[in-house]
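J.: Residue numbers (this note's numbering), protein chains in the order written: chain A, 2 to 97; chain B, 0 to 376. Next up is a structure, given as structure tokens.
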Amino acid sequence: MCLGIPGQIIAITDAERMAALAEVSGVRREVNVACVAEGPLEALVGQWVLIHVGFAMSLIDEDEAAKTLEALRDLGEAQEALEQMAAGDAALEGRA
Amino acid sequence: MKFASEFRDPALAKALLAEIARTADEIGATKQKPVSIMEICGGHTHSIFRYGLDRLIHDGIEFIHGPGCPVCVLPRARVDECIEIAQKPGVVFCTFGDAMRVPGSKLSLLQAKAAGADVRMVYSPLDALEIARRSPEKEVVFFGLGFETTTPSTALAIAQAAREGLTNFTVFCNHITVPEPIKALLDDPHMCLDGFIGPGHVSMVIGIHPYDFIAEDYGKPIVVAGFEPTDLLQSVLMVLRQIAEGVARVENQYARVVPEHGNTVSLAAMAEVYEKRPSFEWRGLGEIDASGLRIRDKYRAFDAEEKFGIGYAGVRAVVEEAEGCACGAVMTGRMKPPACPQFGKGCTPEMPLGALMVSSEGACAAYWQYGGARAAE
Numbered sequence: 002m003c004l005g006i007p008g009q010i011i012a013i014t015d016a017e018r019m020a021a022l023a024e025v026s027g028v029r030r031e032v033n034v035a036c037v038a039e040g041p042l043e044a045l046v047g048q049w050v051l052i053h054v055g056f057a058m059s060l061i062d063e064d065e066a067a068k069t070l071e072a073l074r075d076l077g078e079a080q081e082a083l084e085q086m087a088a089g090d091a092a093l094e095g096r097a
Numbered sequence: 000m001k002f003a004s005e006f007r008d009p010a011l012a013k014a015l016l017a018e019i020a021r022t023a024d025e026i027g028a029t030k031q032k033p034v035s036i037m038e039i040c041g042g043h044t045h046s047i048f049r050y051g052l053d054r055l056i057h058d059g060i061e062f063i064h065g066p067g068c069p070v071c072v073l074p075r076a077r078v079d080e081c082i083e084i085a086q087k088p089g090v091v092f093c094t095f096g097d098a099m100r101v102p103g104s105k106l107s108l109l110q111a112k113a114a115g116a117d118v119r120m121v122y123s124p125l126d127a128l129e130i131a132r133r134s135p136e137k138e139v140v141f142f143g144l145g146f147e148t149t150t151p152s153t154a155l156a157i158a159q160a161a162r163e164g165l166t167n168f169t170v171f172c173n174h175i176t177v178p179e180p181i182k183a184l185l186d187d188p189h190m191c192l193d194g195f196i197g198p199g200h201v202s203m204v205i206g207i208h209p210y211d212f213i214a215e216d217y218g219k220p221i222v223v224a225g226f227e228p229t230d231l232l233q234s235v236l237m238v239l240r241q242i243a244e245g246v247a248r249v250e251n252q253y254a255r256v257v258p259e260h261g262n263t264v265s266l267a268a269m270a271e272v273y274e275k276r277p278s279f280e281w282r283g284l285g286e287i288d289a290s291g292l293r294i295r296d297k298y299r300a301f302d303a304e305e306k307f308g309i310g311y312a313g314v315r316a317v318v319e320e321a322e323g324c325a326c327g328a329v330m331t332g333r334m335k336p337p338a339c340p341q342f343g344k345g346c347t348p349e350m351p352l353g354a355l356m357v358s359s360e361g362a363c364a365a366y367w368q369y370g371g372a373r374a375a376e
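In structure tokens:
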């Protein structure tokens, strides 16, 4: 019950009750969007949200996701470079 | 799932593990003298075991599993009270599935259902609200359980019920909060933690500043983390780097979901409907000041404790833990699950003795499910 699942808002179904249809891994279900409704509800259509116990609790920030991944990939590239350096050192010393 | 595969990239995980190892060596972490990092959230405990991160990581890093599984910290007396309510004539007792098999002193909710009580497993408090609308002759009670992640959902359900003027819907409120038990753990003289992985989805609601005291008053680093393997590894690295630099800060690794100041609507709904109890009882941790929530007077018509004279509104029974059950010691990080004499013997996920074996977010269930070999180590 504590783990959220990402879903995409497909349509607003009942603005009065803050209800929207969300698609979660191919399954469609009604969710409450009160917690993510900052502007007009229609603006939510197409957005990715994190859904907990029937409530969209957070918009997934694609820019932030991209930034985190970028930082990770930089580290990955740095690691690759370090590994190549280590391999180079080993080769120079005649160990490889 | 959105961004799931990217954050499960094995190449990124490998790079992170190497950098963690380098940093762990730099600060002198060894198997004999490890850096102890507590992941507060049960969802993180589950991810760590699911992906075997505890075995892949440098052996100078020790994960201590925190009290962040709401089902696991529920005292048996509260389960008994659920059953007492559920067995009243005309009551439909609705609960998240996680709580169905938690043993009370005599029965679990599942066993009470088998014995004839109308106990229903629902996905959302909104489902319970819908049952109340459709069955005006029934008394529908929702078992409000969980940390700040689920609290807004029951607050919004109560506010909705009030707007509609429903008179047959109440919530048995057992909502709890994260910062207070962390403070209790930090004040425990036996506890030696070097840093924390902060709960991602609780923080999505409350933001990152409620943890400021951990860094400022106790000098411990805390990094709010996501739930994918690279999220957790990156967060461990961020904790280690703080230790290496000799600083303690609150950092946010999970910025794609967690806003610095939390979710405005959720915080407002919680403040509108709930207030802090003077104290609340936790399994394994005892009474902790201001760690639980109750329904405000304004909404007392929706408070099951008031309606049924039960729980903190009634006479509270003292119920001991099951004999031989070491959930308390495991929960506070003093014992590893396989060291419990009942682990895998008197206590399995099929026949749980303690709550840590029930929930998939409980440390014992995680060890059992993913760590058959590990248990023997």
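We put the beta carbon where it would ideally sit given N, CA and C, even for glycine. If you're wondering where the values come from, they're calculated on a predicted model, not measured in any experiment.
(1) Starting from the Cα of T22/B, find the closest Cα among G245/B, E80/B and K275/B and give me that residue.
(2) Listing by chain order, which chain A residues have their CB less than 8 Å from the CB of F226/B?
(3) Mark E319/B as exposed unless 16 or more other C-beta atoms lie within 10 angstroms of its C-beta, in which case mark it buried.
(4) Within this structure, are the beta carbons of P228/B and A12/B separated by less than 8 Å?
(5) Applying the criterion that 16 or more other CB atoms from any shown protein chain within 10 Å of the CB defines a buried residue, is T149/B buried or exposed?
(6) Name, please, each residue of chain A whose Cβ falls closer than 7 Å to the Cβ of R255/B.
(7) Determine whether the Cβ of L22/A lies closer than 8 Å to any Cβ atom of chain B.
(8) List the endpoints of the continuous alpha helix (DSSP H) containing Y273/B.
(9) Quick one, are the C-beta atoms of E18/B and L73/A less than 8 Å apart?
(10) Using a cut-off of 8 Å between C-beta atoms, extract the partners of Y122/B located in chain A.
(11) Check E376/B in the structure and name its three-state DSSP category.
(12) Below 8 Å, can you find three or more Cβ-Cβ pairs linking the region 351–364 of chain B to the region 63–75 of chain B?
(13) With a threshold of 8 Å between beta-carbons, can L155/B be considered close to chain A, or not?
(14) Using a Cβ distance threshold of 8 Å, determine whether the region 251–260 of chain B contacts the region 29–40 of chain B, with at least three qualifying pairs required.
(15) Can you tell which of V249/B, Y273/B, A160/B and G59/B has the C-alpha that lies nearest to the C-alpha of C172/B?
(16) Quick check on the burial criterion: 16 or more other C-beta atoms within 10 angstroms. Buried or exposed for P336/B?
(17) Taking G5/A as the reference, give the member of K68/A, D64/A and L60/A with the closest Cα.
(18) If contacts are defined as beta-carbon pairs under 8 Å, then A21/A and L45/A qualify, I think. What distance do you get, rounded to the angstrom?
(19) Quick one, are the C-beta atoms of P180/B and I287/B less than 8 Å apart?
(20) Give a yes or no on whether the minimum CB-CB distance between R29/A and chain B is below 8 Å.
(21) Taking G199/B as the reference, give the member of R162/B, D230/B and G345/B with the closest Cα.
(22) Using a Cβ-Cβ cutoff of less than 8 Å, which residues in the same chain neighbour A374/B once the five nearest sequence positions on both sides are dropped?
(23) In chain B, which residues lie with their C-beta within 8 Å of the C-beta of L51/A?
(24) Kindly give me the distance between the Cβ atoms of H57/B and A85/B, rounded to whole angstroms, as I take these residues to be in contact under 8 Å.
(25) Spell out whether any CB of chain B is found under 8 Å from the CB atom of G40/A.
(26) Based on Cα-Cα distance, which residue from Y253/B, T169/B and P69/B lies nearest to L51/A?
(27) Rounded to a whole number of angstroms, what is the C-alpha to C-alpha distance between R49/B and V72/B?
T.: Considering the structure as presented:
(1) G245/B
(2) L4
(3) exposed
(4) yes
(5) buried
(6) I61, D62, E65, A66 and T69
(7) no
(8) No alpha helix (DSSP H) contains Y273/B, which is instead part of the beta strand (DSSP E) from Y273 to K275.
(9) no
(10) V54 and G55
(11) Reliability of the predicted coordinates at E376/B is poor, the pLDDT of 46 falling under 50, and the value obtained from them is presented with this limitation in mind. Of the three classes helix, strand and coil, the one that applies to E376/B here is coil, per DSSP.
(12) yes
(13) yes
(14) no
(15) Y273/B
(16) buried
(17) L60/A
(18) 6 Å
(19) yes
(20) no
(21) D230/B
(22) Low local confidence applies: a pLDDT of 47 at A374/B is under 50, so the model's placement there is unreliable, with the coordinate-based value given in what follows. P336, P337, F342, G343, Y366 and W367.
(23) H200, M203 and V256
(24) Going by Cβ atoms, the distance from H57/B to A85/B rounds to 48 Å, so no, they are not a contact pair.
(25) no
(26) Y253/B
(27) 22 Å
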